[in-house]
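Just so we're aligned: the sequence shown equals residues 1 to 400 in the UniProt record's numbering.
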Amino acid sequence: MKRLLCILLALTMSVSLFTACGGDETTTSGGTAEPGVEATPEPTPEPYEANVLTGYEKDADYAEGQRITAVMVNNIQTCRPQKGLSAADVLFEIKVEGGITRFMALFTDYNNIPDIGPVRSARDQFFRLVLPWQPLYVHIGQSVVQKEYITNYNYDEWNLEGNFDGKLYYRNEDRVNWAGNHVDTEHTAYTNGQLIAEYIERHDVDDRRMYNSTFFDFVDYRDPAQVLTGENLEGASADAGRVTIRHSQSYRTQFDYDSSLGQYAMAQWYYSKGAYMDAIDENNGQQLMFDNLLILFTDIHTYPGHEAKDLQYAEYSWGGVGYYCYGGKIERIRWQKGTPLDTLRIVDFNTQEPFEINCGKTYVTVVDEDEIPGFTWESLETAQDVQEAPTTNDFVENED
1 MKRLLCILLA LTMSVSLFTA CGGDETTTSG GTAEPGVEAT PEPTPEPYEA
51 NVLTGYEKDA DYAEGQRITA VMVNNIQTCR PQKGLSAADV LFEIKVEGGI
101 TRFMALFTDY NNIPDIGPVR SARDQFFRLV LPWQPLYVHI GQSVVQKEYI
151 TNYNYDEWNL EGNFDGKLYY RNEDRVNWAG NHVDTEHTAY TNGQLIAEYI
201 ERHDVDDRRM YNSTFFDFVD YRDPAQVLTG ENLEGASADA GRVTIRHSQS
251 YRTQFDYDSS LGQYAMAQWY YSKGAYMDAI DENNGQQLMF DNLLILFTDI
301 HTYPGHEAKD LQYAEYSWGG VGYYCYGGKI ERIRWQKGTP LDTLRIVDFN
351 TQEPFEINCG KTYVTVVDED EIPGFTWESL ETAQDVQEAP TTNDFVENED
């Protein structure tokens, strides 16, 4: 009996073992076990590494961790042509006293700045636009209002003032202007990257600053450029082969789109000739060219108490309406600024969401609302050149 029980127990264990093995085999098709298939890992996207002023991908020579540099350049008709403006990454043009305009050229790396000038005095309507970026601010002289901004924002270290250190610039007393005439002394001062670097070393200036964002909201350089359709122009044509900006009666800027280069070619009004002439960089004889145009309108008026020198105040607190041109097309946008420490922002005209501009060199102008009737755009095919009777402008620039 005991022997029979042992035999039955052995048979039971054999059946159990066979059943368990059979269950494992049926979990795979075809009766054969296969190894698991590993999921393909998602590729790690390349980090967004854009040039702070152009939006292009940083190259091997990018000046990482360096402050951008702003240089004030004269634009009174007598001083033209200027030097160095074709090398700027961003060029600002704004009206100052007497209806004349002035330039502020921005550079990513001061070491690459060629001879540039004539260098002229600082004005707060320019400085307030770049203050949030804490640039090296190069100029010779400054208005009394600008001096207050330097003091109030503790900006002395980065205020590279030629009147403080005459080694920041050199003079070319023999230069002649576009008309072949010798110019006054205030139109003969120039600087360059080497002189700026030597100033920084002499005065132990902190030229380091990391930027976590770009000057404008740029289209990602890895994506196609934005194509403008003019959807916010209220039915007006988006063709902007020629763009004309009037800053005052005597100072106007015009751009013609060169489709072969994909850029806008700049010309300036010469009131003594009653016509436009190409804006040329004296360094290389090249016409100034830009990928992007930004035209921003606001109230500009004389500072109360500064009527004698006609110092101009540009209202940035409330923002305003503007226009963006690229690729021979135009779109209406809005712009915002706020306090001096707030950055300039370009937003969609309707949604107020950030508006991305395309990568490249950018011309920016802030224009008095009174000059809106003088702002026009048209197809280059139908545009006609303007010829007016020559006029004079007797305004004498302020010394400071």
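Note that beta-carbon positions come from the ideal geometry of N, C-alpha and C, so glycine has one too. Every value quoted in this text rests on a predicted model; they were computed, and no experiment measured them.
Quick one: using the 10 Å Cβ neighbour count with 16 as the cut-off for buried, is residue i buried or exposed?
i    : result
K167 : exposed
D370 : exposed
V386 : exposed
Q384 : exposed
E388 : exposed
R80  : buried
G360 : buried
L261 : exposed
R208 : exposed
G274 : exposed
A240 : buried
Q146 : buried
M210 : exposed
S14  : Because S14 sits at a pLDDT of 43, beneath the cut-off of 50, its placement in the model cannot be relied upon, and the following sentence gives the value as read from the coordinates. With fewer than 16 Cβ atoms within 10 Å of its Cβ, S14 is classed as exposed.
N358 : buried
H187 : buried
P135 : buried
V364 : buried
Do you know how far the Cα of residue j is from the Cα of residue i?
i    : j    : result
T191 : F216 : 27 Å
I342 : D124 : The identity of residue 342 in the sequence shown is Asp, whereas the question assumes Ile. For D342 and D124, the distance between alpha carbons rounds to 15 Å.
G319 : T298 : 7 Å
K95  : Y62  : 32 Å
R332 : G230 : 7 Å
L5   : T40  : Confidence at L5 is low in this model, with a pLDDT of 40, below 50, so its placement is unreliable and no value can be given for it.
G109 : S248 : It is worth fixing the name first, because residue 109 is Asp in this sequence and not Gly. Their Cα atoms are separated by approximately 33 Å.
R175 : F126 : 27 Å
P340 : Y155 : 13 Å
G84  : E42  : 46 Å
D204 : M277 : 42 Å
S237 : E381 : 14 Å
R222 : N159 : 36 Å
I200 : T391 : 44 Å
P304 : D281 : 36 Å
A265 : V367 : 19 Å
Between the Cα of residue i and those of the options, spot the shortest distance and give me the residue it belongs to.
i           : options                   : result
Y170        : N283, L195 and A267       : L195
P354        : Y211, Q142 and R334       : R334
R202        : D184, F164, A225 and T214 : F164
N350        : D256, E397, G322 and N393 : G322
F103        : A70, N111, P132 and L131  : A70
G117        : H139, F107 and E97        : H139
I346        : I113, L129, N75 and D115  : L129
D89         : N292, Q312 and Y199       : N292
residue 409 : A87, V144, D59 and V183   : Past the edges of the chain, shown from 1 to 400, lies residue 409, and the structure says nothing about it.
My output table needs one value for residue i: the three-state DSSP class, helix, strand or coil.
i    : result
P373 : helix
K361 : coil
Y48  : coil
V366 : strand
A275 : strand
S29  : Only weak support is given to the placement of S29: the predicted model assigns it a pLDDT of 38, under 50, and the value that follows is read from those uncertain coordinates. S29: helix per DSSP, three-state reduction.
Q352 : coil
R209 : coil
E378 : strand
D256 : strand
F215 : coil
E315 : coil
K329 : strand
V386 : coil
G320 : strand
G22  : In this prediction, G22 has a pLDDT of 42, which is less than 50 and means its spatial position is unreliable; nothing more can be read from the coordinates.
Would you verify that the beta carbon of residue i is, or is not, closer than 9 Å to some beta carbon of chain C?
i    : result
L228 : The chain inventory of the structure shown lacks chain C, comprising one protein chain alone.
Practice task
Give, in chain order, every unbroken run of the beta strand (DSSP E) that is at least 3 residues long and sits entirely within the UniProt domain "DUF3048" (53–204).
Solution key: Complete beta strand (DSSP E) runs here, min 3: 69–73, 90–95, 101–107, 136–139 and 159–161.
Exercise for the section: Within the stretch 221–250, note down every full beta strand (DSSP E) run reaching 3 residues or more, in order along the chain. Expected result: 242–246
Practice task
With a floor of 3 residues, list each beta strand (DSSP E) that falls wholly inside the stretch 264–310, ordered by position along the chain.
Solution key: 275–278, 292–298 and 300–302
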